[in-house]
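Each protein sequence line maps, in turn, to chains A and B.
Residue numbers for the first sequence follow this note's numbering, beginning at 51 and rising by one.
Residue numbers for the second sequence follow this note's numbering, beginning at 3 and rising by one.
One structure below.
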Amino acid sequence: ILNVEQSPQSLHVQEGDSTNFTCSFPSSNFYALHWYRWETAKSPEALFVMTLNGDEKKKGRISATLNTKEGYSYLYIKGSQPEDSATYLCASLGGGRRALTFGSGTRLQVQP
Amino acid sequence: EAQVTQNPRYLITVTGKKLTVTCSQNMNHEYMSWYRQDPGLGLRQIYYSMNVEVTDKGDVPEGYKVSRKEKRNFPLILESPSPNQTSLYFCASSYTSAGELFFGEGSRLTVL
């Protein structure tokens with residue numbers, strides 16, 4: 051994988067549903083994986099920065115896991131709320147690059 | 003308050019008229035970067051700076067210039083804007099290239 055890929059592109063869930071997204075990134079020379087939350091008309095805000103294989107991080111109802119050997123990360127949202135509606139971006143640093151490469155994001159809409 | 007400030011937030015200009023988008027951060031961050039966001043493409047990096055007087059091209063540098071004469075400022079210069087530079091631009095900073103990025107509020111540029 052040469053680019054950072056995110057799936058699905060968009061997701062509609064009902065309030066209370068749990069959901070998860072996938073981020074795939076180049077596993078060679080991996081250094082760091084970031085997750086950002088981007089609400090409409092606002093700026094992206096960092097959720098997690100992960101560096102170690104097997105790392106798991108949690109912030110409230112949102113958690114993330116990291117597999118650097120196979121090059122993927124999952125973001126989980128437990129009991130989605132309407133305020134979770136946003137685009138979730140992942141970004142990878144590695145492969146000899148000195149800058150983050152962003153995926154195109156997963157757009158989540160939570161219906162009340 | 004820790005922040006990244008961009009100006010202008012909105013600008014409509016015409017082809018060929020030089021413009022500068024300013025970016026300033028008050029967090030003493032070493033690393034600063036410019037991104038553009040276009041529908042379906044996610045955030046693409048234009049230029050980045052690891053430190054004062056050190057700048058490097060990102061993925062889409064054509065048609066842009068930057069400078070980093072002071073740690074806090076990282077202006078983006080469009081010497082001769084063209085319609086394909088119509089986009090939403092974000093400046094971001096962090097302590098290091100691998101660290102959590104702090105984004106400005108974005109600058110929406112339209113080139114007619």
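Note that CB positions come from ideal geometry on N, CA and C, so glycine has one too.
Being a predicted model, the structure only gives us computed values, none of them experimental.
Please report whether the beta-carbon of residue i lies at a distance below 8 Å from any beta-carbon of chain A.
i	result
Leu43 (chain B)	yes
Tyr97 (chain B)	no
Ala100 (chain B)	yes
Leu128 (chain B)	Missing from the structure shown is residue 128 (chain B); chain B here goes from 3 to 114 and no further.
Leu103 (chain B)	yes
Please report whether the beta-carbon of residue i lies at a distance below 8 Å from any beta-carbon of chain B.
i	result
Tyr81 (chain A)	yes
Ile51 (chain A)	Low confidence applies to Ile51 (chain A): its pLDDT is 47, below 50, so where it sits in the model is not reliable enough to give any reading.
Measuring only between beta-carbons, confirm whether residue i sits less than 8 Å from chain C.
i	result
Glu107 (chain B)	Absent from the structure: chain C. Protein chains present are A and B.
Put residue i into one of helix, strand or coil per three-state DSSP.
i	result
Asp134 (chain A)	helix
Thr17 (chain B)	coil
Thr90 (chain A)	coil
Thr69 (chain A)	strand
Glu3 (chain B)	coil
Lys109 (chain A)	strand
Gly74 (chain A)	Sequence inspection shows Ser at residue 74 (chain A); the Gly mentioned does not correspond to that position. Looking at Ser74 (chain A) - three-state DSSP - the assignment turns out to be strand.
Val54 (chain A)	coil
Gly155 (chain A)	coil
Thr101 (chain A)	coil
Glu95 (chain A)	strand
Ser142 (chain A)	strand
Gln110 (chain B)	The question names Gln, but residue 110 (chain B) is Arg in the sequence shown. In this structure, Arg110 (chain B) counts as strand in the three-state DSSP scheme.
Ala82 (chain A)	strand
Gln39 (chain B)	strand
Just grab the DSSP bridge partners of residue i for me.
i	result
Thr24 (chain B)	B:Asn9
Met34 (chain B)	B:Ser51 and B:Ser95
Thr118 (chain A)	Thr118 (chain A) pairs with nothing; no bridge assigned.
Gln161 (chain A)	A:Gln64
Leu125 (chain A)	A:Phe71 and A:Ala114
(request) Mind checking the stretch 66-92 of chain B against chain A and listing, in chain order, the residues whose C-beta falls within less than 9 Å of any C-beta there? (result) Phe92
(request) Jot down the residue ranges of each uninterrupted alpha helix (DSSP H) in the stretch 46-101 of chain B, minimum 4 residues, whole runs only, in chain order. (result) none
(request) Could you run through the stretch 46-61 of chain B and flag, in chain order, every residue whose CB is less than 9 Å away from some CB of chain A? (result) Arg46, Gln47, Tyr50, Met52, Asp58, Gly60 and Asp61
(message) Counting only Cβ-Cβ distances shorter than 7 Å, please list the residues of the stretch 100-118 of chain A near chain B, keeping chain order.
(response) none
(message) Counting only Cβ-Cβ distances shorter than 9 Å, please list the residues of the stretch 54-86 of chain A near chain B, keeping chain order.
(response) Val54, Gln56, Gln59, Tyr81, Ala82, His84 and Tyr86
(message) To be precise: take each residue of the stretch 143-162 of chain A, compare its Cβ to all Cβ atoms of chain B, and keep it if any distance is under 8 Å. Which residues remain?
(response) Leu143, Arg148, Ala149, Leu150, Thr151, Phe152, Gly153, Ser154 and Gly155
(request) Anything in the stretch 124-137 of chain A with a Cβ closer than 8 Å to a Cβ of chain B? List those residues in chain order, please. (result) none
(request) With 8 Å as the C-beta to C-beta threshold (strictly closer), list the residues of the stretch 22-36 of chain B near chain A in chain order. (result) Ser35
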